[in-house]
Each structure stands twice: as structure tokens, then as C-alpha cells.
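> Going by my numbering, the sequence shown opens with residue 764, and the numbers climb by one from there.
Think of the CB as a built atom: it goes at the ideal place given N, C-alpha and C, for glycine as much as any other residue.
Note that the coordinates shown come from a computational prediction; the quantities given were computed from them, not determined experimentally.
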Amino acid sequence: MPTRSPARLIVALSVAGVLAVFLLYTALRGTSTPTLTPSQLADHSGKLAVVGVVVGPLAGDSHSAHGLRFGLKNIDGKSGVVPVVYHGDSPPPLFKEGRNVVVSGSYVHGRVSGSNILTKCPSKYTSAKPA
Numbered sequence: 764m765p766t767r768s769p770a771r772l773i774v775a776l777s778v779a780g781v782l783a784v785f786l787l788y789t790a791l792r793g794t795s796t797p798t799l800t801p802s803q804l805a806d807h808s809g810k811l812a813v814v815g816v817v818v819g820p821l822a823g824d825s826h827s828a829h830g831l832r833f834g835l836k837n838i839d840g841k842s843g844v845v846p847v848v849y850h851g852d853s854p855p856p857l858f859k860e861g862r863n864v865v866v867s868g869s870y871v872h873g874r875v876s877g878s879n880i881l882t883k884c885p886s887k888y889t890s891a892k893p894a
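1) Could you work out which residue in T882, S808, A790, L782 is closest to P855 when comparing CA atoms only?
2) Looking at C-alpha atoms only, which residue of V781, R771, S802 is the closest neighbour of D839?
3) Hey, out of A790, G809, V814, S878, whose CA is closest to G861's CA?
4) Look at the Cβ atom of L776, then the Cβ atom of T796, and state whether they are nearer than 7 Å.
5) Could you check where the beta strand (DSSP E) with G868 kicks off and where it finishes?
6) Given a cut-off of 7 Å on the beta-carbon distance, is the pair G834 and V818 in contact?
7) Between the beta-carbon of Y870 and the beta-carbon of S808, is there less than 7 Å?
8) Using only CA atoms, which one of I880, D806, G843 lies nearest to L857?
9) Under the three-state reduction of DSSP, which class applies to S827: helix, strand or coil?
10) Am I right that R874 and V844 are in contact with their C-beta atoms under 8 Å? What's the rounded C-beta distance?
11) Please say whether S878 and G868 have beta carbons closer to each other than 7 Å?
12) Could you pull the start and end residues of the beta strand (DSSP E) that G796 belongs to?
13) So the beta strand (DSSP E) G877 belongs to, where does it begin and stop?
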């Protein structure tokens, strides 16, 4: 029986070691963005995403210096409305008062400064009606 070279084992262990270090690094230093509700914002600052219901009045334009301004409240109706100023592309077509949205940006001085808005399509989150 021919003897096997230990080079295969060394290469395999080296690849496994590099992958383990990569996984450890991404777990400890990964840049994740916390997703919060308006009532959870009090002790947070910096980059985050906020999930809530758009409340009006909607004012301004996302392309202007003052931005598009609106409020965001908890989906479950709990207390708290946080003001949002959105600068960026035009909001999605389904964006309007009463719509569930996710606003990504930062929270500074009691308001969310948004740079991205995602709307949740209500038909995907409602139960099917019986025929």
C-alpha cells in the first residue's frame, strides 16, 4: 500500500483554519444595523433601522434641503411617535400615511434622519380570505 503525503492534510487544515478565523472575525466585528421600533429609540444613537407606521401630515420633498418630513409610530399602537426627515430618492410608490415601513438611517437629537425607505406590502401580511 502506498503511503500518503501529509501535504493534503496540511492544506485542508490550513483552509479550515482560515475559514474559522474569518467566521470569528465577522461574528465579533461584523457591521449589523439594529432594527428598532419608535418606542425603543430612547437609548440608541447612530446607524439603525426603524420599523413603524407612517403618520402625517407628510410635508416637504425628499430632494429638497428640508427633506420629506413625517412621523413614525409603533405598529402595535404603543406610545410614541418619532419624527423622520428623509433625504434621498423618491419614496416607494406604496409610501403613504398608514403604511408599514422600514426607515434606515441614523437617530440623532430625537429624530430619525432617513436615507432609505422600504414599504411593506399589506397584501403579503394579511391572511387569505375564504372563497
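If we stick to the structure as given:
1) Distance check between P855 and each of T882, S808, A790, L782 places T882 closest, using alpha-carbon atoms only.
2) S802
3) V814
4) It is not a contact, given that the beta carbons lie outside the stated cut-off.
5) 863-871
6) yes
7) yes
8) Closest option to L857, Cα to Cα, is I880.
9) Reduced to three states, the DSSP call for S827 is coil.
10) About 11 Å separates the two Cβ atoms, so there is no contact after all.
11) yes
12) It should be pointed out that residue 796 corresponds to Thr in this sequence rather than to Gly. No beta strand (DSSP E) contains T796, which DSSP labels as neither H nor E.
13) 874-882
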